[in-house]
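A short worksheet on the structure shown next.
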Amino acid sequence: MKTRIDSVDDVTQSFARQGYICDARTALAVYLAAQLHKPVLVEGPPGVGKTELAKAAAAFLEAPLIRLQCYEGLDESRALYEWKYGKQLLYTQLLRDKLSGTLADTDSLEESMRRLGDLGEAFYSDTFLEPRPLLRALRADEPVVLLIDEIDKADQEFEAFLLELLSDFQISIPELGTVRARHQPLVFLTSNDQRELSDALKRRCLHLYIPYPDATLERRILAERVPELDDQLRDQLVDFIQHLREQDMKKLPAVSETLDWARALVLLHADSLEPELVEQTLTLVLKNEQDAELARELLPHWFRARRAR
Amino acid sequence: MAGRRLHEFVRALRGAGVRVSPVEAEEAFRAAALVGYGDRDRFRETLALTLVKSQAERPDFDRCFAAFFRFESADPEQDDGSDADHAGQATAAAPDPEALSGPAAELVAQSDTGLEQTLAQAAAEIDFTAMQVITQQGLFARRLLMNMGMGAVDDEILRLDASARPGDGERAEALRDWRGRVRERAMAHVRRQYDLHGRAHGRALREHSMQAAPFRELREFQQVQMLVRRMARRLARSHQRRQKKARRGALDARRTLAASLRYNAVPVQLHWRQRRRTRAKVLVVCDVSSSVRDAARFLLQFLYAMTDVLPRVRSFAFAARFDEVTDDFERYPPDVAVGRILDRVSGSGTDYGTMFKELEAACRGEIDRQTTLIILGDARNNDLPAGERHLADIARRARQVFWLNPEPPSRWNSGDAIMARYLPYCRAARRCGSLNDLRRFTDELLRNLNG
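Line by line, the protein sequences are chains A and B. Numbering of the first sequence is given in our numbering, commencing with residue 1 and proceeding in unit increments. Numbering of the second sequence is given in our numbering, commencing with residue 1001 and proceeding in unit increments.
Structure below.
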C-alpha cells in the first residue's frame, strides 16, 4: 500500500487517471480517511458511485480490496470467521484409530480427559478456521481497503458488533483470543439510507454524502467513461437527465443509468437526441413504468424548450 | 488560538442542534490542522466531513459556518451592508491623531483594517460562549472596548474637555463621535456572537419548556415540528434495538436434530426458535373538536413518525362526524393532514356514544387479540347517551384499550365529562397534556407491544 499521500490533489488526479471523476469533497474525504485512519461512511442515492469510490481508493493506494456485502440476517459467522465443522468432523473420524491408540494406555478417566484436552487445542487452530472478509482484512499481510457495502441492510446487532472493529481494529475470538489488525485497513461503509444508522456508528466515521452530480461533473464523467460519444449529444443527454432529476419520480436516474444510456446511443450510432430515439431507449434510464410514462409526457416540452434556446 | 476558535465553533454548532461529541470535535481539529485554514471551501468541507453525521444536519452546519467565520473573512464584501457602512465612516471622520496624546493617538491613527484587527484580537480574549441572555450584550461590548484599549480614549476626551486650549473643545467632540462609531462596531460584533452562542443556550431552555408546555401553548413555538420529529425518532431508535434483542427464543430441537444429521448426529449447529414478532395492530381514535385538537395532532404525528417500530396504525378522527384519516397522515405533512381532516369532520357537539357505534361498524372484523385501541378525547359528551356498551364490546374483543385525556384527572368527571363511565373498559387512562406526557405514553405503549 502506498504510505505517502501528499495532498488532496494527489487523490483527485489519481482518481481521474482511473476514470473515476469526483468532486473535491469526495477526494478530501479519502485523503482525510487515509491520514486520520478513520472509516468513511458514504451515503447517497443508489447509483452515484459509492461502491466505485472504494474500488478507486483501493487502486489509488495500491492495496487489495476486500468486500463484505451486507444483508438482513448477516451474522458474525458470515462476516468474521467460522470453524470448518465438516473438516473437524472428518478429521476426528479418520483419526479415530489413532485417537483410541493414544488413549489406550491411560489408566484413569482423568488421564484420558487430559490427553483429549491437549488435542482440543489442535482442533481449534488455524487449520480449521475459515476466515471471512472481516478477519481476512485484519490478518492481511499488507494494508487493505475494506468495503462494507450497504450496511443499512444488516441488522442492528451486526452494527453494534462492527463498532469494536471500527474503533480499535481488533476483534475477539473466544477460542483464539484477540486478533489485532496487523495493518490498519482503510474502511468504507456505504448506506442507501434504508434505515437510520446508530449514532455510535456515525460517531466513529467520517460522513460523506455523494449527491447526484451536477451538469458539469456529469459531463466530465461521461466524457471520461464514454469517450466515443459525440460532444453535442453528450450535452443534450446530460441536459435531459438533469431535467429528469428535477421531476418527482419514484426512482431518479443515477449516473450508472446515464452511462448505460450513453453506451446504448453509441451503439445505435445516434448523433443527436430525437424524440423517437428517446422514446425507444427510455427504459434504459427509467426502470419504473410510471416514471417512464411521466417522462414521455415531458418529452415534447423539453424538446420545444431546447429548440427555443 | 485556532484551537479555541474551533472549540467555540463546535459549541455554536451544538447550539444550532447538531450533535457533536468531544471525540468528533478532537477529530475535526486534527483534520483541520492537516488540511490547513488557507482554502475556505476545503476548510469548510473538512469540518463538515468530521462533524456533520447526516445530510439533514448539513444546512444547519452551513448556516452556522457562514455566521461564525465571517469575521475572519478577509474579504469585506462578504460583510452585510450595515457593517460595511460603519467601516466606511469610521476612518472618514476620524479625528486628527496629531493633536491627541499617548495610546489614544495610536488607536485613532490606525487604519480601518488595523482597527478591525485590534477588535478581532480583543474579541479573541473574551469567552463569548458565557453569554446567555440578551441583556448581557452591553456588558460584553464594554469588556470588548476595554480590551481594545478604548479606556485611553475616554481619558483623552475628559482631558480635552477640561483643557482651555483653543480647538480642544472641537477635538473632544470629534473624538466622541469616533468613539461612538467604534462602540457601534463592537456592539455589532457582540450581537453576532450572541446570535451564535446565546441563542444556543436559549434554544436548549426553550426546548426544555416546550416539552413540558401544554399543547395549546405549543403553537407559539416555531421549532416545535422539528422537536417532535426528533423526539419521535429518538424513541423509535431505542425501541428498534430492544425489539431485535427480545426475539431470540428457546432451542429449536427439531431443526437442530435435522441439521445434526449432516454431521453424524453431532449437534454442531444449534438452531433457535425465533419468537414470532407480534403483529400488533393499533387503532387510534382522536377527538378533533377544538378543545382536544392540538393534542390529537401531536399524537398522530408521533405515531406516524414511528412506522419503523409500529407498522400498522389505523387512525380515525371525529368531532361532528366520524371518518378514517389513515391516508391523510401517511400522505401529507402533519399540518396539511390536520387541515384536511378538520374540513371533513369538524363541527360542534362531540358524541362519544355514536362514535363507538360507528367505530365498531367500521372495523368489525379487524378488532382481535392483537389490536390495541387508543382513544384520545376529553370525554365531554354534551349530555348525550354515553354508549359505553359499544366500548365494552370493543374492549372485550381487543387486546387492550388506552384512554388519553388532555385534561388533568381532577376534571375528568366535571361538567359534561363522563370519563367514569368509560374507565372500567380501559386498561389505563393517562393524562396527555404535553409532549413529555406523550413521549412517556408512547414509550409505555411500545414496550407493551414489542416486549
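The C-beta atom is built at its ideal place from N, Cα and C for all residues, glycine as well.
Beta carbon proximity, residue i to chain B, threshold 8 Å
{"i": "L162 of chain A", "result": "no"}
{"i": "E196 of chain A", "result": "yes"}
{"i": "H207 of chain A", "result": "yes"}
{"i": "L80 of chain A", "result": "no"}
{"i": "R35 of chain A", "result": "A small fix is needed here, since residue 35 of chain A is Gln in this sequence, not Arg. Interface residue, yes."}
{"i": "Y85 of chain A", "result": "yes"}
{"i": "E43 of chain A", "result": "yes"}
{"i": "A16 of chain A", "result": "no"}
{"i": "L32 of chain A", "result": "yes"}
Selection from the options that minimises the alpha carbon distance to residue i
{"i": "V226 of chain A", "options": "A:M113, A:T102, A:D260, A:L206", "result": "A:D260"}
{"i": "A304 of chain A", "options": "A:F240, A:E224, A:T283, A:Q93", "result": "With the sequence shown as reference, residue 304 of chain A is identified as Arg, and Ala is not the correct amino acid for it. Looking at the Cα atoms, A:F240 is the closest of the given residues."}
{"i": "P185 of chain A", "options": "A:R203, A:P39, A:P253", "result": "A:P39"}
{"i": "L267 of chain A", "options": "A:T281, A:S256, A:V255", "result": "A:T281"}
{"i": "A1305 of chain B", "options": "B:R1340, B:V1228, B:A1361", "result": "B:V1228"}
{"i": "L166 of chain A", "options": "A:R25, A:V238, A:V11, A:A33", "result": "A:A33"}
{"i": "D1127 of chain B", "options": "B:N1147, B:I1367, B:L1251", "result": "B:N1147"}
{"i": "A1428 of chain B", "options": "B:V1401, B:S1434, B:K1357", "result": "B:V1401"}
{"i": "A122 of chain A", "options": "A:P133, A:L95, A:A104", "result": "A:L95"}
{"i": "V285 of chain A", "options": "A:A137, A:E130, A:L252", "result": "A:L252"}
{"i": "D214 of chain A", "options": "A:R132, A:D235, A:D230", "result": "A:D235"}
{"i": "L53 of chain A", "options": "A:R180, A:Q170, A:A29", "result": "A:A29"}
{"i": "Q1136 of chain B", "options": "B:L1119, B:E1106, B:D1112, B:M1187", "result": "B:M1187"}
{"i": "E175 of chain A", "options": "A:T106, A:L129, A:Q35, A:V238", "result": "A:L129"}
{"i": "Q88 of chain A", "options": "B:D1328, B:V1266, B:R1380", "result": "B:V1266"}
{"i": "E257 of chain A", "options": "A:A270, A:T283, A:E76", "result": "A:T283"}
{"i": "L1119 of chain B", "options": "B:N1382, B:A1016, B:R1183", "result": "B:R1183"}
{"i": "H1197 of chain B", "options": "B:S1101, B:D1327, B:S1348, B:G1017", "result": "B:G1017"}
{"i": "R1312 of chain B", "options": "B:A1280, B:E1330, B:R1297", "result": "B:A1280"}
{"i": "L1115 of chain B", "options": "B:R1230, B:R1297, B:G1149", "result": "B:G1149"}
CA-to-CA distance, residue j to residue i, given in whole angstroms
{"i": "V1338 of chain B", "j": "S1289 of chain B", "result": "12 Å"}
{"i": "G1036 of chain B", "j": "L222 of chain A", "result": "33 Å"}
{"i": "L217 of chain A", "j": "R245 of chain A", "result": "15 Å"}
{"i": "R307 of chain A", "j": "L273 of chain A", "result": "12 Å"}
{"i": "R1314 of chain B", "j": "V1282 of chain B", "result": "6 Å"}
{"i": "R1179 of chain B", "j": "E1156 of chain B", "result": "11 Å"}
{"i": "E82 of chain A", "j": "Y31 of chain A", "result": "34 Å"}
{"i": "Y212 of chain A", "j": "A254 of chain A", "result": "7 Å"}
{"i": "P1022 of chain B", "j": "R204 of chain A", "result": "12 Å"}
{"i": "L41 of chain A", "j": "F188 of chain A", "result": "6 Å"}
{"i": "E1106 of chain B", "j": "R1070 of chain B", "result": "27 Å"}
{"i": "P269 of chain A", "j": "T12 of chain A", "result": "Inspection of the sequence shows that residue 269 of chain A is occupied by His rather than by Pro. Answer to the nearest angstrom: the Cα atoms are 33 Å apart."}
{"i": "E76 of chain A", "j": "I151 of chain A", "result": "14 Å"}
{"i": "R1063 of chain B", "j": "A1056 of chain B", "result": "13 Å"}
{"i": "A1232 of chain B", "j": "V1224 of chain B", "result": "12 Å"}
{"i": "Y124 of chain A", "j": "I173 of chain A", "result": "11 Å"}
{"i": "E1217 of chain B", "j": "S1209 of chain B", "result": "11 Å"}
{"i": "D107 of chain A", "j": "S198 of chain A", "result": "58 Å"}
Contact under 8 Å by Cβ, residue i with residue j
{"i": "A1259 of chain B", "j": "Q1269 of chain B", "result": "yes"}
{"i": "E43 of chain A", "j": "R1237 of chain B", "result": "no"}
{"i": "I21 of chain A", "j": "R220 of chain A", "result": "yes"}
{"i": "Q1211 of chain B", "j": "N1448 of chain B", "result": "no"}
{"i": "G1377 of chain B", "j": "T1354 of chain B", "result": "no"}
{"i": "F1140 of chain B", "j": "V1190 of chain B", "result": "yes"}
{"i": "A1295 of chain B", "j": "F1215 of chain B", "result": "yes"}
{"i": "K153 of chain A", "j": "E72 of chain A", "result": "yes"}
{"i": "L1438 of chain B", "j": "F1302 of chain B", "result": "yes"}
{"i": "K250 of chain A", "j": "N192 of chain A", "result": "no"}
{"i": "D1287 of chain B", "j": "F1318 of chain B", "result": "yes"}
{"i": "P1406 of chain B", "j": "V1284 of chain B", "result": "no"}
{"i": "A1031 of chain B", "j": "T1046 of chain B", "result": "yes"}
Below-8 Å beta-carbon distance, residue i vs any chain A residue
{"i": "T1046 of chain B", "result": "yes"}
{"i": "S1346 of chain B", "result": "no"}
{"i": "R1042 of chain B", "result": "yes"}
{"i": "H1007 of chain B", "result": "no"}
Heavy atom of the ligand FMN within 7 Å of residue i beta-carbon
{"i": "R1233 of chain B", "result": "In the structure shown, the ligand FMN is absent, as is every other ligand, since no ligand is present at all."}
| At least three beta-carbon pairs within less than 8 Å, the region 1318 to 1326 of chain B to the region 1397 to 1414 of chain B | no
| message | Contact between the region 1338 to 1349 of chain B and the region 1363 to 1375 of chain B is defined here as three or more beta-carbon pairs at a separation below 8 Å; is this criterion met? | response | no
| Three CB pairs or more closer than 8 Å across the region 1380 to 1395 of chain B and the region 1416 to 1432 of chain B | yes
| message | Taking contact to mean 3 or more Cβ pairs, one atom from each stretch, closer than 8 Å, check whether the region 1049 to 1064 of chain B and the region 1024 to 1032 of chain B are in contact. | response | yes
| said: Would you call the region 57 to 66 of chain A in contact with the region 143 to 150 of chain A, where contact means no fewer than 3 C-beta pairs closer than 8 Å? | reply: yes
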